[in-house]
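Undergrad: One structure is given below, represented as structure tokens, and several questions about it will come after.
Numbering (this note's numbering), first residue to last: 4 to 362.
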């Protein structure tokens with residue numbers, strides 16, 4: 004009976020933690036609950052993506068999940084202890100065990116961040132110029148000394164080269180057919196309550212973009228025509244305006260982009276993400292500009308795409324200098340932070356239930 008009660012509490016912890024980090028039904032993990040433990044399995048099918056080179060994105064996602072478990076468990080007087088199975092991180096099996104979490108009962112005070120877990124993480128609304136840099140810097144500095152293999156950096160006045168690098172990364176999808184297809188395959192245009200994929204409403208696109216996205220999703224052969232007509236210059240210009248108005252950016256770095264370090268980056272990043280949200284700030288992850296140059300192989304790419312990636316690989320060194328990374332350290336993740344304009348959207352109701360995620 005005690006095991007059954009504990010298993011039920013672990014499932015309730017997972018119910019809170021499963022909203023990591025954006026909640027767009029794209030997380031690559033499945034779960035099994037046994038007595039006092041939660042097993043976390045990596046799904047090869049869910050994780051297979053052109054932007055998940057060397058499973059770096061999966062490792063970031065696992066780190067985010069583990070941090071959410073730590074926060075959520077305090078609400079149920081449980082303390083998690085993690086065991087990672089590094090030998091499985093590059094497994095190509097459909098389900099491979101990546102982590103096991105043992106829960107011990109402890110009288111704990113509920114973490115003040117618990118109420119934020121069920122809110123949407125990724126911000127796609129436009130930002131205003133309002134920001135208290137001293138407050139943001141204070142949040143980013145919290146607990147840094149306790150993490151030897153992860154560092155956090157704030158940038159408040161990005162250069163034009165920085166913005167150009169980010170715009171190149173964000174607009175790759177408009178000139179790279181395979182990337183465009185991989186992204187729009189995941190967008191649901193008809194069903195706002197879809198249990199797989201991301202509804203159009205949370206994509207961050209304008210309603211005027213709907214016809215173009217509809218054509219690209221359902222008739223991928225039209226991509227070459229739109230590209231030849233220069234249509235991607237429109238979203239490129241819009242993204243440039245977004246970066247011009249971005250109040251501040253922060254980056255997370257690590258000595259090397261190993262799987263274990265990427266998990267630690269995910270943990271640190273999502274702790275800062277939650278803390279900034281608690282202070283009233285919105286955060287937008289910039290994964291492709293940060294990680295893309297490190298794992299995208301230019302061999303075999305369309306000429307235009309290969310040239311953009313090579314330029315990003317060159318300008319990445321400038322970003323490291325601008326963020327003042329330690330010598331030989333690598334940029335692992337990057338974020339835009341500020342006050343979002345408009346009404347905060349309600350938490351999506353289309354996300355998976357815990358029962359759907361259990362194996």
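Backbone N, C-alpha and C fix where the C-beta goes; we use that ideal spot for every residue, glycine too.
1) Does the count of Cβ pairs from the region 72-84 and the region 127-143 closer than 8 Å reach three?
2) Among 254, 338 and 309, which one has its Cα closest to the Cα of residue 327?
3) How would you label residue 246, buried or exposed, when you count the other beta carbons within 10 angstroms and need 16 or more for buried?
4) Which value, in whole angstroms, describes the spacing of the CA atoms of residue 361 and residue 88?
5) What are the start and end residues of the alpha helix (DSSP H) that includes residue 276?
6) How many whole angstroms separate the CB atoms of residue 127 and residue 287, which I take to be in contact at a CB cut-off of 8 Å?
7) Please classify residue 176 as buried or exposed, where buried requires at least 16 other C-beta atoms within 10 Å of its C-beta.
8) Can you tell me which of the three DSSP states residue 107 falls into?
9) Can you tell me whether residue 66 is buried or exposed? The criterion is at least 16 other CB atoms within 10 Å of its CB, across all chains shown.
10) Count the other CB atoms within 10 Å of the CB of residue 23; is the residue buried (16 or more) or exposed (fewer)?
11) Which runs of the beta strand (DSSP E) fall wholly inside the region 51-87 and span at least 3 residues, in chain order?
12) What residues match up with residue 297 in a beta bridge as DSSP calls it?
13) Assuming residue 337 is part of the alpha helix (DSSP H), what are its boundary residues?
14) How big is the Cα-Cα spacing for residue 14 and residue 38?
15) How many angstroms separate the CA atom of residue 4 from the CA atom of residue 118?
16) Where does residue 155 fall in DSSP's three states?
17) For residue 116 versus residue 343, is the C-beta distance shorter than 8 Å?
18) Quick one: grab the DSSP three-state call for residue 165.
19) Based on Cα-Cα distance, which residue from 293, 141 and 19 lies nearest to residue 421?
20) Ends of the beta strand (DSSP E) at residue 94?
21) Counting Cβ pairs closer than 8 Å, one from the region 216-228 and one from the region 179-189, do we hit at least three?
22) Is residue 192 helix, strand or coil by DSSP?
TA: Straight from the coordinates:
1) no
2) 254
3) buried
4) 19 Å
5) 262-281
6) 7 Å
7) buried
8) strand
9) buried
10) buried
11) 81-87
12) None; residue 297 has no bridge partner.
13) Per DSSP, residue 337 belongs to no alpha helix (DSSP H); it is in the beta strand (DSSP E), 333-341.
14) 11 Å
15) Bear in mind that the predicted position of residue 4 carries a pLDDT of just 40, short of 50, making it unreliable; the figure below should be weighed with that in mind. If you take the alpha carbons of residue 4 and residue 118, they lie about 29 Å apart.
16) strand
17) no
18) helix
19) Outside the modelled stretch of the chain, which goes from 4 to 362, sits residue 421, for which no answer is possible.
20) Element bounds for residue 94: n/a, residue is neither H nor E.
21) yes
22) coil
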